[in-house]
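Using my numbering, you'd call the opening residue of the sequence shown number 0 and step up by one each time.
Cβ coordinates follow ideal geometry from the N, Cα and C atoms, glycine included.
Notes follow once the structure below has been shown.
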Amino acid sequence: MFFTHSVDEEVLDEVPCPDFIPQVSQRVADRVTDCVITRLRKQCGKSLAGSWADPENVIVEKMNTCGLSNYLYMAQLKSHVPVQPEEPRKVLIRVYGEVLRSSVDSIVLDSINFAILSEKRIGPALYGVFPGGRIEEFIEKQNTNSSISNYAVFFHFLPRYHHVLLKSRTMTTSELRKSEAMKAVAQQLARIHNLNMPFCKQPRFIFKMMDKFLAQLSGRMDPPSRPPSNLSTPTLLVLEQEYLSDSRLDSVWNMNNFEAIQHTATELGLYEEYEWLKQNLIERQDDAFPVVFCHNDFQENNILVLNNPDVDGFYDVLPIDFEYSGYNFRGFDIGNHFNEWCYDYTCPDPPYFTYDFDSYPTLSQQKEFWNTYLTARLTERRTSIDTSKNAGDTLNGSSTTTPHPLEDTKEGFEKLWLEATFGALFSHLFWAAWSLIQSQISSIRFEFSKYASARMDAYYRMKNSLKSRPDYQ
């Protein structure tokens with residue numbers, strides 16, 4: 000079955016992965032949510048203390064988001080509970096899905112990443128970590144009528160300013176192509192790429208994940224499976240009884256048959272294309288494909304808009320969700336972002352996403368993005384004092400990571416275009432493999448198998464376009 004019975008007292012407060020049981024009915028789904036929320040209230044008390052120490056003071060609600068890797072919850076103190084000095088009234092709680100939980104190294108690196116980025120004021124503040132997730136600053140935006148500085152509100156979230164704050168929002172797919180939004184995104188990406196982080200400077204992180212996904216899909220490793228529940232025995236017995244009662248042979252949770260998923264991976268050509276792409280990336284690494292610290296998932300739902308662009312005439316944005324970040328080819332980050340212009344994850348009907356290959360940035364838009372990005376990298380590098388004593392050195396000890404102005408020549412842009420195109424191809428392969436794994440373990444309402452097919456359709460169209468160019472080598 001899907002259950003691991005345990006009454007270890009040290010385990011009873013751990014937050015279970017919401018993926019641990021197929022949620023075949025609303026009754027089962029509600030029961031799982033209640034179990035998770037009870038644990039989250041206790042974790043808030045442990046990490047935040049003060050007014051949060053009493054679980055009865057805390058309200059936790061599951062958020063309706065487009066996240067495909069995590070489950071997000073909003074926790075806040077009840078209105079009658081006073082806020083103590085330097086204490087937040089509201090926080091965001093991130094509960095990891097199975098893909099991240101399956102790798103202890105990934106979770107540790109994610110926690111370190113988040114803490115460092117928080118200190119550098121590139122991401123939200125970190126309030127606490129717990130097995131299976133963390134507690135973050137709940138980012139809100141300033142009321143346009145307020146005179147409080149953006150800096151104080153956005154990054155410090157001071158309690159005395161609560162009365163003038165409104166919810167921030169994530170960027171939309173349609174906004175990505177707006178010139179002012181593109182400028183803000185390019186500048187933020189440049190800032191991330193200038194970071195000197197205490198991790199392996201070789202582009203191994205995403206490759207290791209990809210290797211694991213393909214090993215699972217090919218049968219060289221055990222197939223993906225749902226995590227243990229870490230719930231008490233009485234709770235498990237109730238859930239098991241409800242699951243069996245609500246399940247029917249013709250209506251059990253719609254999990255794709257793993258053999259069918261393996262066939263899909265083969266049919267899509269994931270294995271052969273990955274080998275082809277790796278060889279091309281390796282051959283071009285030294286002269287054209289620099290390695291930097293990358294976000295690796297810089298899409299619209301991971302970009303918070305903190306102001307009202309229609310009123311202000313510009314975008315004030317903040318990157319979030321760094322769980323896939325690490326050193327990687329720069330082209331992956333930029334090509335991946337370009338790919339996201341084509342996908343909208345807010346569709347309420349199956350397959351719960353839309354895809355338009357023709358929305359990929361035009362050459363003119365790509366050139367505008369690169370110009371803004373490279374200018375921002377140079378500016379940031381000249382003024383930054385937050386890296387190390389060797390801040391003027393390149394990020395990986397090689398001149399390949401040093402940004403340079405975009406040459407006003409066709410040849411200069413062609414190199415950057417090629418870099419982003421190979422990065423976009425790698426992005427399609429990675430998220431296609433990721434999606435097939437997710438189809439086996441996630442309870443999130445999303446047709447992952449169809450998404451994998453959509454990504455590979457875009458991959459082959461892009462690859463064919465690349466190879467048809469007379470200057471392709």
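_Let's see if you can read the secondary structure: which residues bound the alpha helix (DSSP H) around Gln215?_
204-217
*Cα-Cα separation between Arg26 and Gln278, rounded to whole angstroms*: 50 Å
*asked:* How far does the alpha helix (DSSP H) with Glu299 in it extend, from its first residue to its last?
replied: Glu299 -> no alpha helix (DSSP H), and no H or E assigned at all.
_Residues that DSSP places opposite Pro318 in a beta bridge_ = Ile302
*Arg40 versus Asp210, Gln83, Ile134, residue with shortest Cα-Cα distance*: Ile134
*Pick helix, strand or coil for Gln378, following the three-state DSSP scheme.*
According to the sequence displayed, residue 378 carries Thr and not Gln. In this structure, Thr378 counts as helix in the three-state DSSP scheme.
_Whole-number beta carbon distance between Ile440 and Ser224, since they are thought to touch under 8 Å_ = 7 Å
*asked:* Just list the residues that DSSP pairs Gln75 with in beta bridges.
replied: Ile58, Lys89
*Within the chosen definition, does the region 296-312 reach the region 178-191 through at least 3 CB pairs nearer than 8 Å?*
yes
_Assigned secondary structure, Glu135 (DSSP; H/G/I helix, E/B strand, else coil)_ = strand
*asked:* Please report the straight-line C-alpha distance between Ser467 and Lys89, rounded to a whole angstrom.
replied: 53 Å
*In or out: Gln298 buried (at least 16 other Cβ within 10 Å) or exposed?*
buried
*Cutoff 7 Å; reference Tyr273; Cβ partners in own chain excluding five residues on either side*: Met209, Leu213, Leu428
*Give me whichever residues DSSP pairs with Phe292 in a beta bridge.*
Tyr326
*asked:* Our contact map puts Phe321 next to Asp109 with C-beta atoms below 8 Å; I'd like the distance itself, whole angstroms only.
replied: 7 Å
*Excluding the five sequence neighbours on either side, which residues of its own chain have a C-beta within less than 6 Å of the C-beta of Ala185, listed in chain order?*
Phe368, Thr371, Tyr372
*Is Phe421 helix, strand or coil when you go by DSSP?*
helix
*Identify the continuous alpha helix (DSSP H) that holds Phe445 and give its terminal residues.*
First-last for Phe445: undefined, no H or E at that position.
*Proximity below 9 Å, CB of Glu418 to CB of Gly330*: yes
*Ends of the beta strand (DSSP E) at Tyr270?*
Run containing Tyr270: none in the beta strand (DSSP E); it sits in the alpha helix (DSSP H), 269-283.
*Output yes or no for whether 9 Å exceeds the beta carbon distance between Ala451 and Ala423.*
no
*Tell me whether the beta-carbon of Asn193 lies closer than 9 Å to the beta-carbon of Val291.*
yes
_Alpha carbon of Asn142 to alpha carbon of Val316, nearest angstrom_ = Any answer about Asn142 is weak, because its pLDDT of 46 lies below 50 and its placement is not dependable; what the coordinates show is given next. Answer to the nearest angstrom: the Cα atoms are 15 Å apart.
*So is Gly132 buried or exposed if we call it buried at 16+ other beta carbons inside 10 Å?*
buried
*asked:* Can you give me the C-alpha to C-alpha distance between Lys485 and Glu55, rounded to a whole angstrom?
replied: Because the chain in this structure spans residues 0 to 472, residue 485 falls outside the shown range and cannot be described.
*asked:* Can you tell me whether Gly312 is helix, strand or coil according to DSSP?
replied: coil
_Three Cβ pairs or more, each shorter than 8 Å: is that satisfied between the region 46-60 and the region 114-125?_
no
*Out of Gln261, Leu91, Thr172, which has the shortest C-alpha to C-alpha gap to Ile319?*
Leu91
*Compute the beta-carbon to beta-carbon distance between Tyr344 and Phe337, rounded to the nearest angstrom, for a pair I have assumed lies under 8 Å.*
The Cβ separation is near 16 Å, so there is no contact.
*asked:* Excluding the 5 residues flanking Asn253 on each side, which residues of the same chain have their C-beta closer than 7 Å to its C-beta?
replied: In this prediction, Asn253 has a pLDDT of 48, which is less than 50 and means its spatial position is unreliable; what the coordinates show is noted afterwards. Once the five neighbours on either side are set aside, Asn253 has no close Cβ partner at all.
*asked:* Considering only their Cβ atoms, is the gap separating Met455 from Gly268 smaller than 9 Å?
replied: yes
*Which residues mark the beginning and the end of the beta strand (DSSP E) in which Leu188 is found?*
From DSSP, Leu188 is part of no beta strand (DSSP E) but of the alpha helix (DSSP H) over 178-192.
_Quick check: the Cα distance between Gln365 and Trp51, rounded to an integer number of angstroms?_
47 Å
*I think Val31 touches Ser167, with their Cβ atoms under 8 Å apart; what is that distance to the nearest whole Å?*
Going by Cβ atoms, the distance from Val31 to Ser167 rounds to 28 Å, so no, they are not a contact pair.
*asked:* Helix, strand or coil, according to DSSP, for Val94 in the structure here?
replied: strand
*Are Ser68 and Gly96 close, meaning C-beta to C-beta below 9 Å?*
yes
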